[in-house]
Amino acid sequence: MKVNYPETPAVQVRHKSFKLADVDPDSEKPFKHRLTNQEEAHPFMDALRHRLCELQELLYAEHRHSILLVFQAMDTGGKDGLIENLLTGVNPAGVQVANFKAPSTDELNHDFLWRIHAQTPKRGRIGVFNRSHYEDVLITRVHGLIDDKTARQRFEDINNFEQLLTRNGTRVLKFFLHISKDEQAERLQARLDDPTKNWKFDPNDLKDRALWDDYQRVYEDALRHCSTDDAPWFVVPANHKWVRDLAIAEIVVAVLEEMNPKPPKPNFDVEAQVIV
Numbered sequence: 014m015k016v017n018y019p020e021t022p023a024v025q026v027r028h029k030s031f032k033l034a035d036v037d038p039d040s041e042k043p044f045k046h047r048l049t050n051q052e053e054a055h056p057f058m059d060a061l062r063h064r065l066c067e068l069q070e071l072l073y074a075e076h077r078h079s080i081l082l083v084f085q086a087m088d089t090g091g092k093d094g095l096i097e098n099l100l101t102g103v104n105p106a107g108v109q110v111a112n113f114k115a116p117s118t119d120e121l122n123h124d125f126l127w128r129i130h131a132q133t134p135k136r137g138r139i140g141v142f143n144r145s146h147y148e149d150v151l152i153t154r155v156h157g158l159i160d161d162k163t164a165r166q167r168f169e170d171i172n173n174f175e176q177l178l179t180r181n182g183t184r185v186l187k188f189f190l191h192i193s194k195d196e197q198a199e200r201l202q203a204r205l206d207d208p209t210k211n212w213k214f215d216p217n218d219l220k221d222r223a224l225w226d227d228y229q230r231v232y233e234d235a236l237r238h239c240s241t242d243d244a245p246w247f248v249v250p251a252n253h254k255w256v257r258d259l260a261i262a263e264i265v266v267a268v269l270e271e272m273n274p275k276p277p278k279p280n281f282d283v284e285a286q287v288i289v
């Protein structure tokens, strides 16, 4: 599905030779060509959120299509903050959010996509995956729970699954929030330094941090194999939160505009109705 995406710092993964190292997590271009500082981004973000609310209402009223936003990141990558900022003001009735943790015993007794399919958005909804089916080709590989052959099979299953969603009216957009290892260190330290944020810190995050290079490798592999025209992956520079949020908002709004949802025509004679 060919779409003219807006020019943002986000990089759409288009080829098998893609490298995460080629994307600068600190990048502010091309935003810096039209914004001289972070404060100037606020009116743009406000306008995008307003338009997103309008489009979400039309999508809900039309009740024919849906959109699924998939967010992945290293620990402290900013998924929660992004989702909150992006969807501020959107009617909660039109949004479905799923946060995937370690699978339960029952979930492990099914195929890896079983629990995922149950959380896909209904017609008329914006679906949000805070982590997703990609965990089953990321953390599972880093910790040796699956081998490379199984990962390749799962890449094929994922592509088929996302094509199924697309064919049934769900647009799929996937975003990897790309931060640097130094930025992660600062964010982890900030959670320790602020007593009100201590609850966000998990000592296990330090174990995964020690596996940073392994995670970068498996992320890169998944991005290369599972970015398609129907369900593209975008790598979003995320060291600067305002750049991250603005880039994703512009892409989401552009796709919803292209979907062009319209409310259904009334099935009654409007002019004949009299309110007394």
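Last residue of the sequence shown? That's 289 in the numbering used here, and every number before it is there in order. Backbone N, C-alpha and C define an ideal beta-carbon position, used for all residues, glycine too.
Identified DSSP bridge partners for residue i
i	result
W246	K187
I139	I80, V108
V24	V248
A60	BP columns for A60 are empty, so no partner.
Q85	F189
Cβ-based neighbour list, residue i, same chain, cut-off 8 Å, excluding 5 preceding and 5 following
i	result
H28	R237
P208	none
P43	E20, T21, P22
L121	none
D37	P250
A39	For the record, residue 39 in the displayed sequence is Asp; it is not Ala. Cβ within range, chain order: S193, P250, N252, H253.
T179	M14, V185, D243, A244
D161	R154
W3	It is not possible to answer for residue 3, since the shown part of the chain is limited to 14 through 289.
K278	none
N280	none
I96	F84, V110, V141, N143
N104	C66, Q69, E70, Y73
CB contact flag (residue i, residue j, <7 Å)
i	j	result
C239	F168	yes
V141	V110	yes
F174	F247	no
Y18	I261	no
L99	P274	no
A54	W225	no
G91	A251	yes
N172	F84	no
G137	Y73	yes
T89	Q197	yes
I129	H146	yes
L190	V249	yes
Q69	G107	yes
F214	R204	yes
Q229	L48	no
V266	R64	yes
Neighbourhood of residue i by C-beta distance below 7 Å, restricted to the same chain and skipping five residues each side
i	result
E148	F113
E41	P22, H253, V256
D35	none
E271	V16
A164	V150, R154
G102	R62, C66
Residues near residue i by beta carbon distance below 6 Å, same chain, minus five either side
i	result
D227	V155
Q51	W255
G330	This structure gives no information on residue 330, because the portion of the chain shown stretches from 14 to 289.
A86	K92, L190
Minimum Cβ-Cβ distance from residue i to chain C less than 7 Å
i	result
K254	The structure shown contains no chain C, having only a single protein chain.
So, do the region 56 to 76 and the region 18 to 29 have three or more beta carbon pairs nearer to each other than 8 Å?
-> no
What runs of the beta strand (DSSP E), each 3 residues or longer, lie entirely inside the region 196 to 261?
-> 246 to 250
Given 8 Å as the limit, is there contact between the region 128 to 137 and the region 64 to 79, that is, 3 or more CB pairs closer than that?
-> yes
Completely contained alpha helix (DSSP H) runs for the region 132 to 182, where each covers 4 or more residues = 152 to 155, 161 to 180
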